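In the working numbering, the protein residues as written are 393 to 583.
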């Protein structure tokens, strides 16, 4: 599972590099350069790369003043800088239980990560979900929890990893969403 997540992080970093390389090419249209800077800043903010987003903002400021979209792109990048700049995590108590699943919750500035373990999990007894996929080693289920997009990974030994994309108002809201995510996923795989 860790390798899978690291592979995705690597792909995001590759995307940031691609958009920055494209934005720094002086022979392309300046408006296209602005859009590429915007995409690089957006992805970098999701990875928490505040310094890189700040560097991108400086590069955008150095472009010509009469460019269409420049004001909008600058405002977008300022927003990405705020997202990337949220430091630390809200600290909930370390372990929670829903049914027979014990789990921990990381409340981040861009979402929630739930890690836990499903007791007596049998991969071979799980039916193919309509919104997911089963392989010989794990189940992936995409869905929504309280209106927020989520993805869950369950390995054949019962290790559970759920990601929910959201911006939280409070730690209580995050814990409520995490508990609902665990409940929903366990009901799906134990049905």
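Note that CB positions come from ideal geometry on N, CA and C, so glycine has one too.
Since this is a predicted model, take the numbers as computed values, not measurements.
With contacts defined by Cβ atoms closer than 8 angstroms, residue 554 and residue 577 form a contacting pair. For residue 488, the beta-bridge partners assigned by DSSP are 495.
Pairing residue 433 with residue 448 gives a Cβ-Cβ distance under 8 angstroms.
The continuous alpha helix (DSSP H) containing residue 566 extends over residues 563 to 582.
The distance from the Cβ of residue 532 to that of residue 540 is about 17 angstroms, inconsistent with a contact at the 8 angstroms cut-off.
Residue nearest to residue 496 within the set 566, 402 and 414 is 566 (criterion: CA-CA distance).
Contact between residue 426 and residue 461 holds, since their C-beta atoms are separated by about 5 angstroms, short of 8 angstroms.
Rounded to whole angstroms, residue 547 and residue 490 show a C-alpha spacing of 19 angstroms. In this structure residue 446 is in contact with residue 473, their Cβ atoms being roughly 6 angstroms apart against a cut-off of 8 angstroms. The region 503 to 515 and the region 556 to 563 touch, with three or more beta-carbon pairs separated by less than 8 angstroms. About 15 angstroms separates the beta carbon of residue 475 from that of residue 466, a gap too long to meet the 8 angstroms contact definition.
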